[in-house]
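Novice:
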Amino acid sequence: MPNSLQDIISPLHNYLMALYQKYQSLKEGKVADYIPELGRADTDWFGISIVNTDGQIYQVGDYQQSFTIQSISKPFVYGLALENYGRETVLNRVGLEPTGEAFNSIVLDAKNNRPCNPMVNAGAIATTDLLTGEDSGARLQQILKMFHLYTGRRLDVDIPVFLSEKATGSRNRAIAYLMHNSGMISDRVEETLNIYFQQCSISVTCNDLAMMGATLANKGKNPITGEQAIKSHYVQDVLSLMHTCGMYDFAGEWAYRVGLPAKSGVSGGIVAVVPGKCGIGIFSPLLDAKGNSIRAVKVCEELAKDFGLHLYGAVEPTYDLAFSMQQPYPFLTATSSG
Ligand code: DON
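Per this note's numbering, the very first residue in the sequence shown carries number 37; after that it's consecutive.
#1: Who are the Cβ neighbours of isoleucine 86 in its own chain at under 6 angstroms, not counting the five residues just before and after it?
#2: Run through DSSP, which three-state label would isoleucine 211 get?
#3: Using the C-alpha atoms, what's the distance from proline 353 back to lysine 267?
#4: Report the residue from Leu339, Glu338, Gln362, Asp324 whose alpha carbon sits nearest the alpha carbon of alanine 68.
#5: Cutting at 7 angstroms between CB atoms, please list the residues of its own chain near glutamate 337, excluding the five before and the five after it.
#6: Tell me where the alpha helix (DSSP H) around glutamine 106 begins and ends.
#7: Output the distance between the C-alpha atoms of glycine 65 and glutamine 272, rounded to the nearest integer angstrom.
#8: So for serine 218, helix, strand or coil by DSSP?
#9: Going by beta carbon distance, what residues of the same chain come within less than 7 angstroms of valine 113, once the five residues before and after it are set aside?
#10: So if DSSP puts leucine 144 in a beta bridge, which residue, or which two residues, is it bridged to?
#11: List, from N- to C-terminal side, the beta strand (DSSP E) runs of 3 residues or more that fit wholly inside the region 240 to 313.
#12: What is the rounded straight-line gap between the Cα of serine 107 and the Cα of asparagine 243?
#13: Would you give the residue range spanned by the alpha helix (DSSP H) that asparagine 230 belongs to?
#14: Where serine 239 and threonine 104 are concerned, what is the direct C-alpha to C-alpha distance, given to the nearest angstrom?
#15: Quick test of the definition: if touching needs 3 or more C-beta pairs under 8 angstroms, does the region 144 to 152 touch the region 191 to 198?
#16: Leaving out five residues before and five after alanine 117 in sequence, what residues of the same chain have Cβ atoms less than 6 angstroms from its Cβ?
#17: So does glycine 262 have its beta carbon nearer than 7 angstroms to some heavy atom of ligand 1?
#18: What is the DSSP secondary structure of tyrosine 355, reduced to helix, strand or coil?
#19: State the DSSP-derived secondary structure class of glycine 115, mapped to helix, strand or coil.
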């Protein structure tokens with residue numbers, strides 16, 4: 037059912053519908069089940085949402101389905117740590133280099149004992165330690181308040197997923213104590229871990245992800261509410277790290293094929309940012325061996341190719357993004373015959 041006038045008249049909506057139908061039948065991959073609650077996901081769930089920097093929304097499929105944000109929280113909490121402490125302090129605690137290893141790698145940077153970057157679990161636990169607030173409740177509220185600014189709505193923690201994460205989080209506990217041992221995180225190790233597990237368990241929809249992406253695309257200002265979710269001068273820090281480290285050990289290939297800053301999470305979400313233009317949020321829980329959603333990666337590759345979104349692309353796109361977002365029915369106008 038069309039959700040708004042925009043859905044009826046937009047050529048982009050029709051394009052997304054066709055893309056959704058094309059990949060809906062793709063059943064490859066596996067739902068993450070190392071956190072037992074995540075294993076309950078329905079493999080048919082599939083939603084795509086795009087929000088542009090004018091605040092227009094284009095959405096198809098299960099765009100209202102909730103799922104937990106997981107590692108997509110990481111770049112946003114990194115942004116919060118930067119706002120709390122500034123670049124220098126944050127850089128002393130977490131580096132900027134891709135690891136080429138899985139997200140739960142226990143390796144720290146050999147020279148400084150820092151976690152390599154804020155997109156892997158070690159770095160994310162270190163940035164969660166850089167939240168402010170007198171107690172764990174206040175620190176969690178800082179995260180929820182930030183996500184409210186990005187999405188324009190109040191988000192909550194999915195308690196069963198949180199408890200499941202906590203009950204199975206020994207590896208994250210090991211990473212946190214190792215960092216505590218080398219002075220990279222404070223003494224409140226268990227408290228920080230609890231907040232990290234809760235931050236991963238915040239419930240979102242792919243429309244929320246698109247709003248978050250659109251806010252980063254719009255220099256940190258939510259294009260619908262007009263609220264500034266992150267100071268504009270930190271947006272480049274967040275996007276650079278998403279570009280180099282956002283897609284686990286697939287980050288290099290992603291940068292080559294799609295060419296956009298992005299972050300994925302093990303529940304099957306991906307957020308991608310087209311600076312100055314739009315945010316893209318996709319959700320489908322079937323994952324490849326590296327932990328990325330198979331349908332979401334395919335959709336991003338196709339969007340990047342068809343609309344010429346690759347940041348270093350110099351090829352005339354098949355379709356013009358601004359035109360397809362604004363022109364009325366029917367369908368896309370090709371800018372080339374190919
Ligand atoms: O730490 C974990 O295992 C999860 N809560 C986060 C997983 C995730 O999405 C992986 N990301 N880098």
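The beta-carbon is built from N, C-alpha and C at its ideal position, and this holds for glycine as well. Here the structure is a predicted model, which means the values were calculated and not measured.
Specialist: In short:
#1: Tyr94, Ala246, Cys314, Ile316
#2: helix
#3: Near 32 angstroms, if we compare the C-alpha coordinates of proline 353 and lysine 267.
#4: Closest by alpha carbon: Asp324.
#5: Arg293, Val294
#6: Note, glutamine 106: premise wrong, no alpha helix (DSSP H); not H, not E.
#7: If you take the alpha carbons of glycine 65 and glutamine 272, they lie about 33 angstroms apart.
#8: Shown here, serine 218 sits in coil according to DSSP, grouped into three states, outside any helix or strand.
#9: Correct list, in chain order: Ala160, Thr163, Thr164, Ile179, Gln235.
#10: Pro151
#11: Given a length threshold of 3 residues, each whole run of the beta strand (DSSP E) inside the region 240 to 313 is given here in chain order: 298 to 300, 305 to 310.
#12: 17 angstroms
#13: 225 to 236
#14: 4 angstroms
#15: no
#16: Val126, Thr163, Leu166
#17: For glycine 262, the distance from the CB to the nearest heavy atom of ligand 1 is not below 7 angstroms.
#18: Here DSSP, grouped into helix, strand and coil, assigns tyrosine 355 to strand.
#19: helix
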